[in-house]
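Colleague:
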Amino acid sequence: MHVTTAGQKKQQRELWGKASVAWDLHHDWLETQFGGISQWLCDAAAIAPAMRVLDLACGTGEPAVTAAGRVGPNGRVTATDLSPEMKAATSRRVKRLGLDVDVLVMDAERLEFADAAFDAVTCRFGLMFCANPVGAAAEIYRVLKPGGHFAVAVWDEPALNPFLSSLMELVNRFVPPQAPEANAPGAFRLSPPGELARVLNAGGFNEFKVEQQAFTMHYASPDEYWEIQSSIAAPVLAAISTLAEPETEQLRAAVLDFAAAHVVDGQVCLGATALTATGMR
Ligand SMILES: C[S@@+](CC[C@H](N)C(=O)[O-])C[C@H]1O[C@@H](n2cnc3c(N)ncnc32)[C@H](O)[C@@H]1O
């Protein structure tokens with residue numbers, strides 16, 4: 023079935039709205055795993071005191087919160103997300119932290135900002151979920167000041183990300199995926215060789231570098247792997263919600279077996295690889 027761009031966007035808003043509960047609940051765990059990527063993005067985008075920074079698809083607040091710590095009182099960070107629930111979670115977080123960050127519901131493909139409004143733009147694990155990533159890249163280009171830096175992270179190929187791809191394979195045994203649509207939003211959409219560079223080029227960027235960042239995801243136990251990964255991966259959460267109780271239990275048992283086979287020194291350890299891109303307008 024063909025889904026229109028507007029339909030894809032609606033799906034994404036709903037999927038991430040539902041997953042926002044788990045993202046909020048597991049925010050600290052997520053930052054233990056992905057905090058290094060936030061630091062890398064802020065370094066790569068050369069975020070410094072007094073800058074005006076835009077974070078796209080901020081989810082529950084990263085790397086916007088990390089950027090806010092860097093720009094200081096004379097700078098300003100604006101965090102945006104398509105999902106009102108994610109936006110609300112980020113608003114609560116920045117309030118709790120006493121940070122003065124603007125948090126807005128906004129589609130990364132239709133930014134409501136003037137041209138050249140920002141010194142730096144970041145996006146951690148969001149670009150591949152945009153219905154039209156080229157549109158989002160073009161918007162990043164438009165709102166950056168000439169000479170301003172962007173830094174984005176997406177997932178590399180499934181084989182390099184067993185923490186997620188193996189779970190998806192197990193889920194697909196119970197919930198056969200619908201006929202995949204070419205270029206539909208998804209975790210691995212920008213992972214094929216050259217695809218991230220193609221999208222950035224098409225968005226207007228000529229000066230940028232794409233790199234791999236490999237790291238290990240840690241879970242305290244197989245149960246924690248199931249609990250966290252089945253609830254934060256929005257498409258996995260949606261697929262599981264279609265299963266009856268006995269099937270969910272069978273899937274859970276298969277996932278626990280998989281996770282148990284990857285215990286090292288008492289923790290479940292699974293590989294992850296991000297593709298990062300950074301450059302200048
Ligand atoms: C995997 S989460 C990443 C959240 C956060 N940046 C992080 O790394 O913790 C992906 C986010 O992309 C958002 N998203 C999806 N499509 C979007 C769009 N077109 N514009 C803005 N945000 C979008 C979702 O709502 C979700 O919060």
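When you read off a place in the sequence shown, starting at 1, and then add 22, the result is the number in this note's numbering. Where a beta carbon is used, it is the ideal one built from N, C-alpha and C, also for glycine.
(1) What residue from Ala276, Leu63, Ala70, Glu246 has the CA that sits closest to arginine 195's CA?
(2) State yes or no: is the C-beta of alanine 160 within less than 7 angstroms of the C-beta of glycine 216?
(3) Could you have a look at proline 180 and say whether DSSP puts it in helix, strand or coil?
(4) For threonine 298, does the three-state DSSP call read helix, strand or coil?
(5) Should alanine 173 and alanine 67 be called a contact, given that it needs their Cβ atoms to be closer than 7 angstroms?
(6) In terms of residues, what are the limits of the alpha helix (DSSP H) holding arginine 92?
(7) Taking just the CA atoms, how far does lysine 167 sit from cysteine 145?
(8) Going by the DSSP bridge assignment, what does threonine 264 pair with across the sheet?
(9) Output needed for threonine 270: all residues of its chain with C-beta closer than 7 angstroms, excluding positions within five of it in sequence on either side, in chain order.
(10) On the DSSP bridge assignment, give the partners of lysine 231 in chain order.
(11) From which residue to which residue does the alpha helix (DSSP H) around arginine 220 run?
Modeller: On the basis of the supplied data:
(1) Ala276
(2) no
(3) helix
(4) strand
(5) yes
(6) 86–93
(7) 17 angstroms
(8) DSSP, once it has assigned bridges, lists no residue as partnering threonine 264.
(9) Ile262
(10) Thr300
(11) 217–225
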